[in-house]
Structures are given as C-alpha cells and as structure tokens.
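Participant: Quick note: my numbering has the sequence shown finishing at residue 262, numbered continuously throughout. Just so you know, even glycine gets a beta-carbon here, dropped at the ideal spot from N, CA and C.
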Amino acid sequence: MPRPLEPVGRASRIGLGIAFFVVFVAVWAAATLGGFVSRTFLADPITMVMDGWTLLTRFGFAADIAVTVWRVVGGFILASLVAVPLGILMGAYKPVEASLEPFVSFARYLPASAFVPLLILWAGIGETQKLLVIFIGSVFQIILMVAVAVGQTRRDLVEAAYTLGCGDRSVVRRVLIPANAPDIAEILRLVLGWAWTYVIVAELIGSSSGIGHMIIDSQALLATGQMIFGIIVIGLIGLISDFLFKAANRALFPWRLA
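1. Between the region 21-36 and the region 46-63, do at least 3 Cβ pairs fall closer than 8 Å?
2. Helix, strand or coil for V11, going by three-state DSSP, please let me know.
3. Quick one: Cα of S117 to Cα of L104, how far?
4. Alpha helix (DSSP H) containing V176: first to last residue?
5. What number of angstroms, rounded off, separates the C-alpha of P106 from the C-alpha of A87?
6. Reducing DSSP to helix, strand and coil, say where A227 ends up.
7. Is the CB-CB distance between A185 and V120 below 8 Å?
8. Assuming the contact rule is C-beta atoms closer than 8 Å, G79 and S16 should be a hit. Round their C-beta distance to whole Å, please.
9. Shortest alpha-carbon distance to M149 belongs to which of M94, T44, G229, G21?
10. To which residues of the same chain is A96 closer than 7 Å at the C-beta, ignoring the five residues directly before and after it?
11. Alpha carbons only, please: which of R173, T132, A183, F144 is nearest the one belonging to T157?
12. Is the Cβ-Cβ distance between I219 and V237 less than 8 Å?
13. Select from A189, G197, A224, R193 the residue whose C-alpha is nearest the C-alpha of L208.
14. According to DSSP, is L243 part of a helix, a strand, or is it coil?
15. Using the three-state DSSP reduction, which class does A202 fall into: helix, strand or coil?
16. Classify L136 as buried or exposed, calling it buried when 16 or more other Cβ atoms lie within 10 Å of its own Cβ.
17. Here's the rule: buried if 16 or more other CB atoms are within 10 angstroms of the residue's CB, otherwise exposed. What is S212?
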C-alpha cells in the first residue's frame with residue numbers, strides 16, 4: 005500500500021480509474037446476465053447499449069441531450085454571474101457578510117425540487133422554469149463558498165497592498181480577486197456537478213424534451229435499459245465537463261492546480 009497522501013503518477017491514475025470502471029461493468033454484467041438480478045428491474049449492459057443505440061438512431065435522443073446541456077449551462081452561467089460578485093462582496097466586506105450570510109445559509113438548505121411546483125405556477129413549463137430550478141439550486145451554494153474562500157485570504161497580502169498605497173477597491177480588484185481566482189474556479193467546477201442533479205429534477209415534471217423526460221417516459225414502459233443509458237449519458241457528459249474544467253483551471257492557474 006502507498007503511504008498516506010503520496011501522489012500517484014498520471015499514467016497510474018488513468019489506469020486505476022479505467023480499471024475500476026471495468027470492474028464495475030463486470031460485476032453488473034455478472035449480476036444481470038448470470039440471472040442473479042431480474043432484467044425487468046435492471047437491464048444488462050448489452051441490452052442497455054442496444055436500447056441506447058435505438059434511442060440515438062430512431063428517437064432523436066441526441067436532441068434531448070443537447071436540450072439538457074443547454075439548460076444546465078444556461079442556468080449555471082446565470083447563477084455564476086449573480087453569485088460570484090455577491091460572494092466576493094460578502095468575503096471582502098464584513099457588514100455585507102453580516103447582512104447576507106444568515107439568509108444565504110438558510111436558503112442553501114432549501115431543496116431546489118421543492119420550488120418546482122411554484123416555478124411552474126410562476127413561469128409555466130417552458131425553458132424559464134428549468135433554468136430557474138438550476139439557478140436556485142446553484143446560486144446560494146456558490147455565494148457562500150466564494151465568500152468563505154475570499155474571507156480566508158492571507159492578511160499579509162492585504163496589508164502589503166495597503167502599505168504600497170492601494171485603496172479599498174484596489175485591494176479587492178488587485179489582491180482578493182486574483183488571490184482567490186483559482187479557488188473560485190474550483191468552486192464553480194464542483195457546483196456544476198450539482199447543477200446536473202437539478203436539471204433532471206426540473207425535467208421530470210412538465211417537460212416534453214430532455215434526458216429527464218426520456219427517463220420518466222422509459223419508466224412507464226419498464227424500459228430499464230433506456231433509463232440506465234440516460235443516467236450513464238449524464239455521467240459521461242459530467243465527467244467530460246469536469247475534465248474540461250480541470251484543464252482550463254490548470255491552464256489559467258498553473259501555480260495552484262497540479
């Protein structure tokens with residue numbers, strides 16, 4: 005066994021990650037193809053792949069995927085545009101933090117799914133409702149996490165900036181934001197993963213398109229292969245977006261991210 009916190013090489017990391025996926029699929033195949041689990045309740049990997057191919061070639065599932073991606077990206081960007089500036093203000097100015105932190109802490113515990121019926125009443129069942137579900141689910145998490153990151157900025161950096169003649173706004177613009185930009189980017193990467201859970205909730209009710217809509221339709225047909233394929237597609241898209249986010253963060257902040 006390696007020592008605690010001992011780093012793993014890039015090749016080993018990739019190999020270990022792929023190996024676990026292989027083991028997972030092998031156990032799944034053994035459980036379903038071996039008859040240990042009824043295929044009515046859990047489709048085997050082969051059936052899942054065939055059902056997925058049918059969805060893509062005959063039922064236009066690619067369009068559903070595109071719609072869901074658009075909803076996640078749109079709602080997440082809206083939440084980020086609101087949350088990041090507010091989080092920076094909360095972290096930088098203690099009176100702002102004292103005013104907003106109790107409400108933000110309260111609001112972030114409210115499940116986004118609980119707002120779906122209200123949002124349908126307020127915004128209908130169109131795209132606005134889906135975007136608002138993602139917005140509500142993401143915005144308060146980002147605000148609080150950014151505020152915590154900015155509030156933990158090293159004091160010596162701030163004092164050095166004042167010593168060199170910076171004013172309050174210059175300290176925020178030239179010290180607090182650059183010092184915490186890598187952490188803010190990492191926060192956005194993490195919350196983007198949560199946004200995917202919110203979009204599926206939004207699409208389960210009052211939706212005529214999207215991955216969530218396909219999953220709920222497949223449930224009525226007991227088409228577990230299609231449901232599993234939709235779930236796996238979400239995971240793959242999330243994994244790809246996570247890798248892209250990490251690559252962008254490494255390129256933008258090479259001194260902080262390995």
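Facilitator: Reading it off the structure:
1. The way I'd put it, the region 21-36 does touch the region 46-63; three or more beta-carbon pairs between them come closer than 8 Å.
2. The sequence shown places Pro at residue 11, not Val. Secondary structure at P11: coil, using DSSP grouped into helix, strand and coil.
3. Here the C-alpha atom of S117 lies approximately 23 Å from the C-alpha atom of L104.
4. Note, V176: premise wrong, no alpha helix (DSSP H); not H, not E.
5. For P106 and A87, the distance between alpha carbons rounds to 15 Å.
6. Annotated three-state conformation of A227 is coil, per DSSP.
7. Not a contact, by the Cβ cut-off of 8 Å.
8. Not a contact, Cβ separation roughly 37 Å.
9. That would be M94, whose Cα lies nearest to the Cα of M149.
10. So the qualifying residues of the chain are V154, V176, L180.
11. Scanning R173, T132, A183, F144 for the CA closest to the CA of T157 turns up A183.
12. It is not a contact, given that the beta carbons lie outside the stated cut-off.
13. Here the closest residue by C-alpha is A224.
14. Reduced to three states, the DSSP call for L243 is helix.
15. The amino acid at residue 202 is misidentified as Ala; the sequence shows Tyr. Note: Y202 maps to helix in three-state DSSP.
16. With 16 or more other Cβ atoms within 10 Å, it is buried.
17. Result: exposed.
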